[in-house]
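A.B. asks: There's a structure below that I have some questions on.
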Amino acid sequence: MDKKRGETIWTSLDRKATAIAEFTMRQYRTRLSTWVVLGVGFLAISVVLLFYIDAMNTEIEAIDNDGDSLDWDGDGYVNGQEYKYGTDLNDPASHPGLFDPPIDPEPASMYINEDDYDWDYSDGSRLEVGIDDDGDCNNSSLPESLKDDNNDGTPCNIVLEYDSLSGSYFVYADPYVDEDPDEDRYGKEAQHRAFILGVGKLGFVFLLSIFVPLFLATGLIRDEMTSGTMQYMTAKPIARGEIFLYRMLGYLAIVWPYLLVVCSLLAIVSGFMGPGDQIFRFKDLGVWFSILIAALLATLVYGMLFAFLGVLWKYGIILALPIAAWELGMALLSMTVPESTFLRMSIVGWSMSIIDSGAYLVWPDMALFTQKGAWAGGTGDASFFFGGGNELPGYRALEWAQSDLGLGLGPYATTVLSVVVLFCQAVFFWFIGQLIFKSKEIV
Amino acid sequence: MIPDLAQEGKAQQQAWVPEAQAPVVMLNNVGKTYGRYQALGGISLALSGGVTGILGLNGAGKSTLFKLLMGKLQPTQGEVRLFGTNPWKNPAPYARVGYVPENENMHDWMTAHEFVSTFARLHGLTRDEAKKEANRVLEFVGLSDVMHKKIGRYSKGMRQRAKIAHALVNDPDLIILDEPLQGCDPLARTTIMNVIRELGRMGRTVLLSSHILSEIERITEQIVILHQGRLLAIGNLHAIREQLDNIPHTIEIECKDAKALAKDVLSLDMVHGLQFPSSSKLKVFTHHLGEFHKRLPKIIVDNEHDVMVINNPDDDLQSILGYLTGGFR
Amino acid sequence: MSNDLIIKTDGLTKSYGPHVALDNLSIGVQHGATGLLGPNGAGKSTFFKTILGLIQATSGEGTVLGHDIRTEGLAIRSKIGYMPEYDALDDNMDAIHQVRYSGELLGMNPVVAMSRAHTAMEYVGLGELRYRPISSFSTGMKQATKLACSIIHDPQLIIADEPSNGLDAESRQAMLTTLSNMVHAGNRSVLMASHLMDDVEQVCKNIVLLHKGKLAAQGRIEDLKAIDREIEIHVWGMASELEAALGKDGLEVRREGRMMRIRHEGERTTHRILKCAAETGAQIRRMHEYEASLEDLFIVIMERFGYGVKSSEDLLASPAEARKVDAPESMGGSGA
Amino acid sequence: MTEESPIDVSTPVTGQGRMDAAWGSETGDHAAVAQSVPQTGQVFEQVYVPWEGALNPRWMRNWAIFRHHVLGIVRKGHRPWGVPTKLVLIFVLIASMTDVALTLLFAVIGEPSLYELWGVGRNNLYAHILGFFPRNMLFYPLVAALLVGGVISEDRSNGTSALYFSRPINRFDYVGMKYLAVATIQSFIIIGTLFLYYFVDILAMGRGWAWILDTFPMFLTTVFCAALLIITYTSIGLALSSVSRGKFFPGIALLAVLLGTKTLAAIVEGLFERSILYLISPYDSVAHVGQSLIGTNVIYEHPWIWSLASVITINAISLYVLSVRVSSMEVTRE
């Protein structure tokens, strides 16, 4: 049609696109419900953020995992000190104070969290780690054979073996090595990671990405059709498929910046609040970035899906409810069984695998890190001192929020594949939607 | 417009009627049924140029006809052609059409200027061009002083004018107005009628529907009459009336002395009946209305009759509609 | 006389913040049919709501059928029938049930309501259509159903907001006849708002004209009409020539299309017109003395409030050709 | 004549002005139109039938509103609930009778251990009303959402609010009756099936008085909890319905409130092991009260009185919003 002034078809397309997108954005802006929905979404995420801030500011109570800060015999010398000097733990008449020269009793706090983990990440399949910081292995009166419980030839160390089948590490530890880890240090880090993953997966990809499109995108075409205002737009020289697409653009122009703002806010706050020596945890930005990508794509796909349902049937929104329920189930499934085939038939499943890939790249020690929490200085899965699963604080949250890559591919391949699949889903819904919209009679 | 198509050879390929000759609106045996209900049954017509009033009672199929033309509905039978193109699933011909739907709902949250310029941009105008065009058409319909106010605050007449403005923004060749005068107060009605008449004078094809007969009569004499989905008549109002020759035309004349006038009137050979409802009233029946009216003034003046009222009660739309639809009720 | 007033307001004022919707209205509506006129936004709907006791007036007082509008809203609403301007029907219900339900809402027994609903539907002319869903109704049938809803309890006063809006000639006539029947056969009162002046003229004896919340005029229609005389002719063929000839003859002519109005200047005016017609060969299809309609009255009064009628000449302030230039050819413009 | 007419106090309407005015106006051939009316054959026969009956008082009007909404579920001629709504209601009604069916089944089979699993007991009574999956995740909120969706907002969009308010009905009655009607329909499904469950158990197993005396307080408590649940859902839903124009927004918003707060609280519990945020979830607050009153295993850490307070607060806020919105509702079509 337009062949004037050297215009290509693209410039005129572009004009129509911006016109409808701007129109849609203005429509959203003038509606109170838009702001209520976005505001409530922000509020909901902020509530979780508040809990996070509170958790970061609360010292996690230190637990004496190995019990050496106790003073069983009441002689003023804690077990750890007596043990170090070889006196009898149960005899009040035997303590280092009777030595010559007498040794002053050490405060009990010296024997809490005194033997923290000193494992570093390495991607070897078998590692030898662990230093007996407090010397209660090296200096103990145990025979050498017992000091090398794991039979690796070196006394007082820990051997980690990576099991590629289960994707986790086995811990073979000599006694009294790294047996009293720092709960606060571990717990903060674990909670921090769990928060990022949990809020990213359930907060952004599930809660925001389903409910925001449910409110904002369902009516994009349907409301205009029921109120009859679609009459104006469909009387202009523009294909219905384009109207569908450009209305979506307008929707994305509202939702995507919103997600960007909320995501950045959380990234900045958690970056400053997070544990660690550095002022800002720059590395985490990678995870936040993958969360953002996942949320953007999820809102795109859900938006297309719900707009399509709105076109399909006047009561299309009722179909959205079982879909939302299915997606909730899939969200929970992908956090527990990430390799399930069902996930391939969902939207959250693919979105969450983007987040998992991001987390895998930024925190490659995740498997080891969770194992640390589970082992908990030997008190976790092995009943060494007190017997019975005393995982470190934060471990359960992290285990709940974190999941492995379910596709059996590397992180980059998983990300690329997921992005492509989500895009294809969006295009698919758009295509079907515009086909139906095109043959709809507008009464 | 024409060269574009010709040089691409499309006209020959797709066996289109070359645009210059294609009527603006062409319907060939077009029908539309909703379930069991027939809204339009087999209508054929071709229109171009000037203002045409589409007339019919509520539910006669006027809106359905317009929606078929605008590609909002798919015809159940027949073919619709707009500038020689099928409008269903094909937005191309809308570039030359302006459509004012009957629907009262509008984008209340926009100003009229935003409304018009947004839709102007859908015609491929740039932002600045669209703004300029919006100013122009809003000025044209007389909304320039309130165009930066929200449409939600407009009265019905202003809303109708805003709708007309949005339809005019691409300077269309065909303007379709579905009940543009409904719900307007007399001031707004007069203004809108002037706008429509002016559009017709500018050589646009205007289709206009209404059920208020006197309104259409004031705008145009070119009419299409629909009744229960059927095409009853098309053409000039008076021509239609004159075609209905089996029903004699009635002329009522009021004068001082009806009998005396009757004598003189009888001398005209086209008169074939007289009636005296009262002593000062004369009813003349004729089959040749134009001829009679041409000669009547002379007779009156020459014979110094004192005529107060001449009335032609069945020359208006209402009576024509009555005659035409009478058989179908 | 004040006993005859069914609606009486005294200094009624309603303001929404700074916006004054009703400004010191003192209106007396007599028994019988009364038309309420005013352009859109004149405060007609607010007035209705105020006298129905649905919104509280800011100041002033009034009575409807002897009940205070401030305190006795329920009693007023039991005695009147209100027919709103907009659609007020549930599309998915059958007409008869909608009408019956509206009777039940007034406190009728379901059985009584049903029999009255049949009567009312019959009365408004929807007898055969009463079991059809409202969604299948045309505008005229919907309006009739709304009327049936409001007259089910045979109210003393029917308040109808734009009763003939959107109706074709036939249904309009039916609606107006029904309303007049209520007044004449039933001896009820009708207060109707309308844009179509013909309608008001047909049904009502009195009018109240509102403008921007103020009372612009009230009284009997006949009293309000001016008595300027004009002769209206409908010309067919040779209109321009006739216009010129009439002008030459010294007659004042206004022309719109094939219709002309000529100022009445003495007995011989018609004769002069016919003479000119005979000379030019124009056919005068119709000629009669033009009686001022309510619409003219409306326009006169509105003009005094500063509402101009935009004429074609105003629209043509810039010539059409000049306007066309900047429209690109591709969009159907004439091109440069 | 013009001098005396009220329109013409200051400036006389001159002939010129009249002419101008008349000019741009209608043809003025309404006289001709009027004449031609009889010619079109318009015969309009009307018989005016006066009615002098008395109108019933307020409670009868209210009963009409209530009846209109409740009977609409089953009969034509009353409020037309949508087909999807009716289908979902039937589906949920059947689905919430699974325990009734299983009780009957195992009573017939006569296998005591299986019967113990499904028969009336604290846990099963609780689960009938307050079980999260699937009842309070899919069924009951969906029912509430569908019922509540258009109940006020459709009156606004159809303009039928004028039907109520132009009649002697005040706002309180209007909203109160709608509330009651919606709550009653939910009660049929939730409490009705609970009663059925209880009595089927008595009949099928031939329970004696001792058992009935034993379980009846528990049963009554369950009924109370069910009422609490219905009231809470209805209050929130109607408040949402009163603030919106569409039919769908209130429904989705209700589901979003119920499931969104639950999800949010679940996130916080999962991450930080704190159950306090469940106070903002209407379902969990009611469930917590129910767990404490019925005496099943309490899965929340905070005291149940807090949850009760939360339920009351949620209801109070909703009812406040509802009353404010309804009292300021315009009598027009929006």
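Chains as they are written, first to last, in my numbering: chain A, 1 to 443; chain B, 1 to 329; chain C, 1 to 336; chain D, 1 to 334. All C-beta atoms, glycine included, are put in the ideal place defined by N, C-alpha and C.
Going by DSSP in three states, C/E61 sits in which element: helix, strand or coil?
C.D. replies: C/E61: strand per DSSP, three-state reduction.
A.B. asks: Applying a beta-carbon distance threshold of less than 8 Å, which residues of chain C neighbour B/P277?
C.D. replies: By Cβ distance, chain C contributes nothing, its closest Cβ being about 16 Å from B/P277, past 8 Å.
A.B. asks: Going by the CB atoms, is the gap between C/Y86 and C/I159 shorter than 8 Å?
C.D. replies: no
A.B. asks: Return the residue from the list C/T280, C/L157 and C/L215 that minimises the CA-CA distance to C/G66.
C.D. replies: C/L157
A.B. asks: Can you give me the C-alpha to C-alpha distance between A/T95 and A/L70, rounded to a whole angstrom?
C.D. replies: Contrary to the premise, residue 95 of chain A reads as His rather than Thr in this sequence. Going from the Cα of A/H95 to the Cα of A/L70 covers about 14 Å.
A.B. asks: Out of curiosity, what's the CA-to-CA distance linking D/I191 and D/A227?
C.D. replies: A direct Cα-to-Cα measurement between D/I191 and D/A227 gives close to 8 Å.
A.B. asks: Given that a residue counts as buried once 16 or more other Cβ atoms are within 10 Å of its Cβ, and exposed if not, what is A/I20?
C.D. replies: buried
A.B. asks: Does chain A have any CB closer than 8 Å to the CB of B/R197?
C.D. replies: no
A.B. asks: To be precise: take each residue of the region 13-29 of chain A, compare its Cβ to all Cβ atoms of chain D, and keep it if any distance is under 7 Å. Which residues remain?
C.D. replies: none
A.B. asks: Please list, in chain order, the chain C residues whose beta carbon lies closer than 8 Å to that of D/Q46.
C.D. replies: The contact set of D/Q46 on chain C, defined by CB atoms closer than 8 Å, consists of Y123, G125, T177, T178, N181 and A185 in chain order.
A.B. asks: Does the beta-carbon of D/V324 have 16 or more other beta-carbons within 10 angstroms, so that it is buried, or is it exposed?
C.D. replies: Exposed, by the Cβ-count rule.
A.B. asks: From what residue to what residue does the alpha helix (DSSP H) around C/P110 run?
C.D. replies: P110 to Y123
A.B. asks: Is the CB of B/G41 under 8 Å away from at least one CB in chain C?
C.D. replies: no
A.B. asks: According to DSSP, what are the bridge partners of C/M83?
C.D. replies: C/A160
A.B. asks: Does A/I293 get closer than 8 Å to chain B when you measure Cβ to Cβ?
C.D. replies: no
A.B. asks: Check this for me: beta carbons of B/K256 and B/S278, under 8 Å apart or not?
C.D. replies: no
A.B. asks: Label B/K330 either buried or exposed according to how many other C-beta atoms from any shown protein chain fall within 10 Å of its C-beta, with 16 as the threshold for buried.
C.D. replies: This structure leaves residue 330 of chain B out entirely; chain B is present only between 1 and 329.
A.B. asks: Are the Cβ atoms of B/G61 and B/P87 separated by less than 8 Å?
C.D. replies: no
A.B. asks: Examine chain C for any beta-carbon lying closer than 8 Å to the beta-carbon of D/T60, and answer yes or no.
C.D. replies: Reading off the sequence, residue 60 of chain D comes out as Met, not Thr. Cβ-Cβ to chain C under 8 Å: yes for D/M60.
A.B. asks: Our contact map puts B/G118 next to A/F23 with C-beta atoms below 8 Å; I'd like the distance itself, whole angstroms only.
C.D. replies: According to the sequence displayed, residue 118 of chain B carries Thr and not Gly. Right, their Cβ atoms sit about 5 Å apart.
A.B. asks: Determine, using beta carbons only, whether D/V286 comes closer than 8 Å to chain A.
C.D. replies: It does not: the Cβ of D/V286 has no partner Cβ on chain A nearer than 8 Å.
A.B. asks: Could you spell out where the alpha helix (DSSP H) holding C/W236 opens and where it closes?
C.D. replies: Note, C/W236: premise wrong, no alpha helix (DSSP H); beta strand (DSSP E) at E230 to W236.
A.B. asks: Between D/I230 and D/A183, which are expected to be in contact by the criterion C-beta below 8 Å, what is the C-beta distance as a whole number of angstroms?
C.D. replies: 5 Å
A.B. asks: Would you mind reading off the limits of the beta strand (DSSP E) that contains B/R81?
C.D. replies: Q77 to L82
A.B. asks: Since A/K372 contacts A/Y176 with CB under 8 Å, what's their CB separation in whole angstroms?
C.D. replies: A/K372 to A/Y176, Cβ: 17 Å. No contact.
A.B. asks: Taking one C-beta from the region 191-205 of chain C and one from the region 11-23 of chain C each time, how about it: are there three or more such pairs within less than 8 Å?
C.D. replies: no
A.B. asks: So, with DSSP's three-state summary, where would you put A/A217?
C.D. replies: coil
A.B. asks: If you measure beta-carbon to beta-carbon, which residues of the region 229-249 of chain A are closer than 8 Å to chain B?
C.D. replies: Within the region 229-249 of chain A, the qualifying residues are T229, Q231, Y232, M233, T234, A235, K236, P237, I238, A239 and R240.
A.B. asks: Taking contact to mean 3 or more Cβ pairs, one atom from each stretch, closer than 8 Å, check whether the region 289-307 of chain D and the region 416-435 of chain A are in contact.
C.D. replies: These segments do not touch.
A.B. asks: Below 7 Å CB to CB, which residues in the same chain sit around B/A258 once its five sequence neighbours on both sides are set aside?
C.D. replies: F276, S279, S280, K281 and L282
A.B. asks: Do C/V235 and C/A282 have their CB atoms nearer than 8 Å?
C.D. replies: Between C/V235 and C/A282, the C-beta spacing is below 8 Å.
A.B. asks: Chain D beta carbons: is any one of them nearer than 8 Å to that of C/N109?
C.D. replies: yes
A.B. asks: Spell out whether any CB of chain A is found under 8 Å from the CB atom of B/A92.
C.D. replies: Taking 8 Å as the threshold, the shortest C-beta distance from B/A92 to chain A falls below it.
A.B. asks: Could you check whether the Cβ of A/T11 sits closer than 8 Å to any Cβ belonging to chain D?
C.D. replies: no
A.B. asks: Helix, strand or coil for A/F206 per DSSP?
C.D. replies: helix
A.B. asks: Should D/Y198 go down as buried or exposed, given a rule of 16 or more other Cβ atoms within 10 Å for buried?
C.D. replies: buried
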